[in-house]
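Structure first, commentary second.
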Amino acid sequence: MSLFSIFNIAGSGMAAQSLRLNTVASNLANADSVASTPEAAYRSREPLFSAVQKQVGLGNQSADQGVRVLGVAESQAAIPSRYEPGNPLANGDGYVYSSNVNPVDELVNMISASRSYQNNVEVMNSTRQMLQKTLDLGK
Amino acid sequence: MIPDNLFGIHTQALEVWQRRSEVLANNLANADTPDFKARDVDFAKVLAAAGGSTSGSALALQTRSPGQIGSGGQTANALAYRVPTQPSMDGNTVDEQVEQAAFAANGVHYQASLSFITAQIRMLRTAITGGQG
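Pasting the structure below:
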């Protein structure tokens, strides 16, 4: 029955968006983290979304069944370095390497993720009402 | 006389509305998926595939063998890609507002079909009980 699979679809959307929100929180929390080497510096993370396709019927028709997270990618943007000899984490030359998190990007991501999450919640609520009405059929 | 297909087109319409809400929910779930193309069910095409026409003729079920349930609600072939109003850089064509509006309208259509079926049931119950029930 189609209406039940909507719960799965909207649920996958909510899971994906909450993971996105999770990476935003991690990025913002680590925006000011510093490290002694560029390799150890925190890199901004972002999830990769992909549509789930499922085989339906006899032919090679495919139906989309929600969204899934392929993985979490780290940003390849340059790691900024700062001259801070007083910092305990500074390397021999007195440099520390901070994260490449762009707080503006993260805030935009946060708003987008939260709106998309709300959309999925709305879909789930509407579906619940439709199912309830169907159960009340003939009363 | 009770007709063979008691609830007329509405049972098939329910299936189509359900399928459509599934497709729209999927569009909304993939609102941030790169290269995802939003899709929608073409209702007129589904209705034609169900063996009917919009002129109100009887709906004939197309079956492979006698006794097999027809494919009136099969809508996989009737899926069409939505033409984006605001194309985006990542190739995604989901417009959340459009999808949300379509989903809400779809829910109302679904409830309308349910109301028609309920009215038919009430009518039959009145006929059975003679208005006593």
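Protein chains in written order, with this note's numbering: chain A, 2 to 140; chain B, 392 to 524.
Using N, Cα and C, we set each Cβ at its ideal position, and we do this for glycine too.
**Request:** Could you tell me whether any Cβ in chain B is nearer than 8 Å to the Cβ of Met111/A?
**Result:** Translated into positions along the first sequence, residue 111/A becomes position 110. At a cut-off of 8 Å between beta carbons, Met111/A makes no contact with chain B.
**Message:** Quick test of your reading: Ser154/A and Gln66/A, contact by CB under 8 Å. State the CB separation rounded to the nearest angstrom.
**Reply:** Absent from the structure is residue 154/A, since the part of chain A shown begins at 2 and ends at 140.
**Request:** Could you list the residues in the region 86 to 114 of chain A with a C-beta less than 8 Å from some C-beta on chain B, going in chain order?
**Result:** Ser113, Ala114
**Prompt:** Buried or exposed: where does Gln130/A fall if 16 or more other Cβ atoms within 10 Å of its Cβ makes it buried?
**Reply:** On the first sequence, position 129 is the one that residue 130/A refers to. Exposed.
**Item:** Exposure label - Ile508/B; buried when at least 16 CB within 10 Å
**Value:** Counting from 1 along the second sequence, the entry for residue 508/B is found at position 117. With 16 or more other Cβ atoms within 10 Å, it is buried.
**Prompt:** Helix, strand or coil: how does DSSP classify Pro48/A here?
**Reply:** Taking the first residue of the first sequence as position 1, residue 48/A is located at position 47. Reduced to three states, the DSSP call for Pro48/A is strand.
**Prompt:** Buried or exposed: where does Met514/B fall if 16 or more other Cβ atoms within 10 Å of its Cβ makes it buried?
**Reply:** Residue mapping note: residue 514/B aligns to position 123 of the second sequence, counting from 1. Residue environment for Met514/B: exposed (fewer than 16 other C-beta atoms within 10 angstroms of its C-beta).
**Asked** Should Tyr472/B go down as buried or exposed, given a rule of 16 or more other Cβ atoms within 10 Å for buried?
**Response** On the second sequence, residue 472/B is found 81 positions in, with the first residue counted as 1. By the neighbour-count rule (16 or more Cβ atoms within 10 Å), Tyr472/B is not buried but exposed.
**Beta-carbon proximity list for Ile80/A, same chain, < 7 Å, skipping 5 on both sides** = The residue given as residue 80/A occupies position 79 in the first sequence. Closer than 7 Å at the Cβ level, and outside the excluded window around Ile80/A, lie Pro39, Ala42, Tyr98, Asn101.
**Message:** Pull the bridge partners of Ser82/A from the DSSP assignment, please.
**Reply:** Within the first sequence, numbered from 1, the residue matching residue 82/A stands at position 81. Paired residue(s): Tyr98/A.
**Asked** Cβ of Thr520/B less than 8 Å from any chain A Cβ?
**Response** Here residue 520/B corresponds to residue number 129 of the second sequence, with the count starting at 1. No, no contact with chain A.
**Message:** In the DSSP assignment, the alpha helix (DSSP H) including Tyr118/A goes from what residue to what residue?
**Reply:** Taking the first sequence and counting its residues from 1, the one referred to as residue 118/A is at position 117. Per DSSP, Tyr118/A belongs to the alpha helix (DSSP H) from 104 to 136.
**Request:** Taking Lys134/A as the query, report the chain B residues whose CB atoms sit under 7 Å from its CB, ordered along the chain.
**Result:** Along the first sequence, one-based indexing puts residue 134/A at 133. Within chain B, the residues near Lys134/A are Gln502, Leu505.
**Request:** Check each residue of the region 404 to 419 of chain B: if its Cβ is closer than 7 Å to any Cβ of chain A, include it; give the result in chain order.
**Result:** Gln409, Arg410, Ser412, Glu413, Ala416, Asn417, Leu419
**Message:** For a cutoff of 8 Å on Cβ pairs, would you count Val122/A as touching chain B?
**Reply:** Within the first sequence, numbered from 1, the residue matching residue 122/A stands at position 121. No, Val122/A does not count as interfacial toward chain B.
**Request:** Note down the Cα distance separating Glu123/A from Gln409/B, rounded to an integer number of angstroms.
**Result:** Counted from its first residue, the first sequence places residue 123/A at position 122. Counted from its first residue, the second sequence places residue 409/B at position 18. Roughly 16 Å between the two C-alpha positions.
**Request:** Leaving out five residues on either side along the sequence, give the residues of the same chain with a beta carbon under 6 Å from the beta carbon of Glu490/B.
**Result:** Counted from its first residue, the second sequence places residue 490/B at position 99. Here the set comprises Leu415, Asn418, Leu419.
**Prompt:** Ends of the alpha helix (DSSP H) at Val437/B?
**Reply:** Taking the second sequence and counting its residues from 1, the one referred to as residue 437/B is at position 46. Start and end: 434 to 440.
**Item:** Simplified DSSP state of Tyr501/B, which is helix, strand or coil
**Value:** Counting from 1 along the second sequence, the entry for residue 501/B is found at position 110. When DSSP states are grouped into helix, strand and coil, Tyr501/B belongs to the helix group.
**Item:** Classification of Ile112/A by the beta-carbon crowding that lies within 10 angstroms, buried from 16 upward
**Value:** Along the first sequence, read from residue 1 onward, the residue named residue 112/A stands at position 111. It counts as exposed.
**Asked** Of all the CB atoms in chain B, is at least one closer than 8 Å to the CB of Leu4/A?
**Response** Within the first sequence, numbered from 1, the residue matching residue 4/A stands at position 3. Chain B contact via Cβ: present.
**Message:** Closest to Ala439/B by C-alpha separation, out of Gln403/B, Lys428/B, Leu505/B, would be which residue?
**Reply:** Along the second sequence, one-based indexing puts residue 439/B at 48. Cα-wise, what sits closest to Ala439/B is Gln403/B.
**Message:** Counting only C-beta atoms, is Leu29/A closer than 8 Å to chain B at any point?
**Reply:** Working through the first sequence from its first residue, we reach residue 29/A at position 28. So no, Leu29/A is outside the interface.
**Request:** Could you give the DSSP three-state label for Glu75/A: helix, strand or coil?
**Result:** Here the question's residue 75/A lines up with position 74 in the first sequence. Strand at Glu75/A.
**Message:** I want to verify the contact list: residues of chain B whose CB lies under 7 Å from the CB of Ala26/A, in sequence order.
**Reply:** Your numbering for residue 26/A matches position 25 in the first sequence. Within chain B, no residue comes near Ala26/A; the closest Cβ sits about 17 Å away, beyond 7 Å.
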